[in-house]
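K.L.:
Taking our numbering, the leading residue of the sequence shown gets 687, the next gets one more, and so forth. Note that CB positions come from ideal geometry on N, CA and C, so glycine has one too. To start, I am sharing the structure in question, which I have written as structure tokens.
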Amino acid sequence: MDKILVHGGHPLSGSIKISGSKNSALPILAATLLTREPCVLRHVPDLSDTNYMLQILTHLGAGVERASGTVSVRAEKVESVAPYDVVRKMRASVCVLGPLLGRCSEATVSLPGGCIIGDRPIDLHLKGFEALGAAIRVENGNVKVFAPNLHGAVINLRGKFGPTVLGTDNVLMAAVLAEGTTVIEGAAAEPEVCDLADFLNKMGAKIEGAGTRRMIIEGVKELHGAEHAIIPDRIEAGTFLVAGAVCGNGITINRVEPKHVSAVTSALTDAGFQLQSTKDTITVSPNGALKPLKLTTEPYPGFPTDMQAQMCALLSTTDGISVVTENIFPQRYMHLAELKRMGARVEIEGATATIQGVEQLLGAPVMASDLRASAALVLAGLKAEGVTEISRVYHIDRGYEHLDEKLGALGAHIERVKAD
Ligand code: EPZ
687 MDKILVHGGH PLSGSIKISG SKNSALPILA ATLLTREPCV LRHVPDLSDT NYMLQILTHL
747 GAGVERASGT VSVRAEKVES VAPYDVVRKM RASVCVLGPL LGRCSEATVS LPGGCIIGDR
807 PIDLHLKGFE ALGAAIRVEN GNVKVFAPNL HGAVINLRGK FGPTVLGTDN VLMAAVLAEG
867 TTVIEGAAAE PEVCDLADFL NKMGAKIEGA GTRRMIIEGV KELHGAEHAI IPDRIEAGTF
927 LVAGAVCGNG ITINRVEPKH VSAVTSALTD AGFQLQSTKD TITVSPNGAL KPLKLTTEPY
987 PGFPTDMQAQ MCALLSTTDG ISVVTENIFP QRYMHLAELK RMGARVEIEG ATATIQGVEQ
1047 LLGAPVMASD LRASAALVLA GLKAEGVTEI SRVYHIDRGY EHLDEKLGAL GAHIERVKAD
């Protein structure tokens, strides 16, 4: 398994281009199953997660071609059983359930297991499918959904931790071919859900209210092929903005939608940085003394849980006491144990972490545990004294396109070491 070595203390400067959004590409790739006609998707990031999804589509019988960032999919005929050996590698595979239900009136997918950031239930997904008229069976670790005819319904998808992103995507993708009108109350409003709705409407779906908590879907008989450009990845954008905050002399990110990262730019402004935006770029620069933060993760447009670990890396060396509360995945603190190995001073009480900023972190061998925790360890290493060696970097490759190369282009001394 590869390792990444980060030699700390080299300030970043310059600019980089943000890739297409992983969390938009995954459901949109699944949505191509809803039509027998060809679809063309641009800015699909080259990640292990998107490549897993392409493998699943191929296993399901779709023709798939990739030419750099452009992917063409033609699902002329589809099977309804997703292959366990690929599905088990990526929880987001669950988002093929909705399109398979809509297209084939049935679907079988292995149940996503838990993961390091916490339990990953799909009860809300299944509640939505049942409301649309599907029968659900869970057996031998698989979930089978079956509905000879899907009908419209009023569905509340809000769970105890708020809306569900992939749950909203899944129910949306089943409802577009259901008979009649579906109303999703408590819908997720993330930009990635809006991007999926935009793509589905280009395919001939009739969806209103994307980006609000109430979506209305008029079912149609069938969908046709479409072309679509995936939105920029707001979490990659946020990650690079925090990198610029950790040790930058001013870095600019290009091809970004500033509105999608406003919670992160507001937090960095509150922390004492200067943030300047144009239509599709954001520049972060030092701007005097830094201030500690009180940060709470919320559903969009609140502060994103996927940026919590990266901010903890920044706050570890911000003078004063910062308090971070994780409302979406309360156990999502694996990165803190590793930051403490680098000298961070952190106390965790339930879903709240209290961080006492220290002068300097020290490079150390650390272990990546999930996608965003891994990125946080790289960010911490950028400023730490000495070398930080991050193992299990396959987590990073799941969700960041060439993170080490992009940081290197900004001046970081970072190298990937092929391990046995
Ligand atoms: C999506 O996961 C993202 N993944 C996650 O990003 C992100 O952290 C998460 O949304 C929250 O924003 C993709 O889009 C591929 P949820 P998802 O359903 O949809 C609970 C990354 O790093 N819940 O919105 O699986 C759940 O346990 C990844 O890119 C239920 O209780 O998350 C959680 O506490 C990590 N029942 C909360 O809701 C359900 O049926 C939000 O989960 C579904 C979810």
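What is the DSSP secondary structure of P834, counted as helix, strand or coil?
P.N.:
Reduced to three states, the DSSP call for P834 is coil.
K.L.:
What's the C-alpha gap between C884 and L909?
P.N.:
Sequence inspection shows Asp at residue 884; the Cys mentioned does not correspond to that position. Those two C-alpha atoms are separated by around 13 Å.
K.L.:
Below 7 Å, is the gap between the Cβ of H1021 and the nearest heavy atom of the ligand EPZ?
P.N.:
H1021 Cβ: outside cutoff for every heavy atom of the ligand EPZ.
K.L.:
Please tell me whether, using a cut-off of 7 Å, the distance from the CB of D881 to the nearest non-hydrogen atom of the ligand EPZ is below it.
P.N.:
No, Cβ of D881 sits at least 7 Å from all heavy atoms of the ligand EPZ.
K.L.:
So, are the CB atoms of H837 and G866 less than 8 Å apart?
P.N.:
Yes, the pair counts as a contact, with Cβ atoms nearer than the cut-off.
K.L.:
Tell me, to the nearest whole angstrom, how far the beta carbon of I937 is from that of G700; I am working on the premise that it is less than 8 Å.
P.N.:
Indeed they touch by this definition, with Cβ atoms about 6 Å apart.
K.L.:
Suppose you measure from the CA of A716 to the CA of G804; what does that come to, to the nearest Å?
P.N.:
Each residue's Cα considered, the two are about 24 Å apart.
K.L.:
Only counting the same chain, and skipping five residues up and downstream in sequence, which positions put a Cβ closer than 6 Å to that of K703?
P.N.:
Once the five neighbours on either side are set aside, the close Cβ partners of K703 are N940 and R941.
K.L.:
With a threshold of 6 Å on Cβ separation, who are the neighbours of E751 within its own chain once the five nearest residues in sequence on each side are excluded?
P.N.:
Correct list, in chain order: S758.
K.L.:
Which of the three DSSP states, helix, strand or coil, is assigned to H914?
P.N.:
Note: H914 maps to strand in three-state DSSP.
K.L.:
With a CB to CB cut of under 6 Å and the five nearest residues on each side skipped, what residues in its chain are close to I1100?
P.N.:
Answer for I1100: V692, D1090, L1093 and G1094, listed in chain order.
K.L.:
Could you pull the DSSP bridge partners for A1039 from this structure?
P.N.:
Answer is V1010 and I1034.
K.L.:
Could you tell me which residues DSSP pairs with L960 in its beta bridges?
P.N.:
Before going on, a small fix: residue 960 reads as Gln here, not Leu. BP columns for Q960 point to S971.
K.L.:
Three Cβ pairs or more, each shorter than 8 Å: is that satisfied between the region 900-915 and the region 858-872?
P.N.:
Touching, yes, given that three or more Cβ pairs across the two stretches are closer than 8 Å.
K.L.:
Which two residues bound the contiguous beta strand (DSSP E) that contains R1102?
P.N.:
Taken as a continuous stretch (DSSP letters only), the beta strand (DSSP E) holding R1102 covers H1099 to V1103.
K.L.:
Tell me where the beta strand (DSSP E) around S701 begins and ends.
P.N.:
Element bounds for S701: L698 to K703.
K.L.:
Quick one: is V1107 buried, meaning 16 or more other Cβ sit within 10 Å of its Cβ, or exposed?
P.N.:
With the chain running from 687 to 1106 in the structure shown, residue 1107 is simply not present.
K.L.:
DSSP state of V824, grouped into three classes?
P.N.:
Correct three-state label for V824: strand.
K.L.:
Out of curiosity, what's the CA-to-CA distance linking C781 and L712?
P.N.:
Approximately 8 Å between the Cα atoms of the pair.
K.L.:
Would you please state the rounded distance, in angstroms, between the beta carbons of D809 and E1087? I believe it to be under 8 Å.
P.N.:
So it is not a contact: roughly 32 Å between Cβ atoms.
K.L.:
Based on Cα-Cα distance, which residue from E1012, S779 and C880 lies nearest to L981?
P.N.:
Of E1012, S779 and C880, the residue nearest in Cα terms is E1012.
K.L.:
So what's I1076 in DSSP terms, helix, strand or just coil?
P.N.:
In the structure shown, I1076 sits in a strand (DSSP, three-state: E or B).
K.L.:
Please classify L993: is it buried, with 16 or more other beta-carbons within 10 angstroms of its beta-carbon, or exposed?
P.N.:
Note that residue 993 is Met in the sequence shown, not Leu. It is buried - the Cβ of M993 has at least 16 other Cβ atoms within 10 Å.
K.L.:
When you measure from the CB of D956 to every non-hydrogen atom of the ligand EPZ, does any distance come out below 7 Å?
P.N.:
No, Cβ of D956 sits at least 7 Å from all heavy atoms of the ligand EPZ.
K.L.:
Have a look at S1055, A1098, L1057 and I1082 and flag the residue whose alpha-carbon is nearest the alpha-carbon of V1073.
P.N.:
The candidate whose alpha carbon is nearest that of V1073 is A1098.
K.L.:
For G660, report the span of its alpha helix (DSSP H) as first-last.
P.N.:
In the structure as shown, the chain begins at 687 and stops at 1106. Residue 660 is therefore absent and cannot be evaluated.
K.L.:
With DSSP as the reference, label E894 as helix, strand or coil.
P.N.:
Of the three classes helix, strand and coil, the one that applies to E894 here is strand, per DSSP.
K.L.:
Can you give me the C-alpha to C-alpha distance between V824 and A995, rounded to a whole angstrom?
P.N.:
Near 34 Å, if we compare the C-alpha coordinates of A995 and V824.
K.L.:
On the criterion of 16 or more Cβ atoms from any shown chain inside 10 Å, does D881 qualify as buried, or is it exposed?
P.N.:
Buried, because 16 or more other Cβ atoms sit within 10 Å of the Cβ of D881.
K.L.:
Where E1075 and K892 are concerned, what is the direct C-alpha to C-alpha distance, given to the nearest angstrom?
P.N.:
Cα to Cα, the separation comes out at about 50 Å.
K.L.:
Is V947 helix, strand or coil by DSSP?
P.N.:
Reduced to three states, the DSSP call for V947 is helix.
K.L.:
Determine whether the Cβ of N709 lies closer than 8 Å to any Cβ atom of chain D.
P.N.:
Considering every chain present, this structure includes no chain D. It has just one protein chain.
K.L.:
Cβ of T850 within 8 Å of Cβ of V879?
P.N.:
Their beta carbons are not under 8 Å apart, which means T850 does not touch V879 by this criterion.
K.L.:
When we look at the beta-carbon of A1062 and count the other beta-carbons within 10 Å, is it buried (16 or more) or exposed?
P.N.:
By the neighbour-count rule (16 or more Cβ atoms within 10 Å), A1062 is buried.
K.L.:
Excluding the 5 residues preceding and the 5 following K639 in the sequence, name in chain order all residues of the same chain whose CB lies nearer than 8 Å to its CB.
P.N.:
With the chain running from 687 to 1106 in the structure shown, residue 639 is simply not present.
K.L.:
Would you mind giving the Cβ-Cβ distance between I1082 and L1057, rounded to the nearest angstrom? I have them listed as a contact below 8 Å.
P.N.:
Contact flag correct, Cβ pair sits at about 7 Å.
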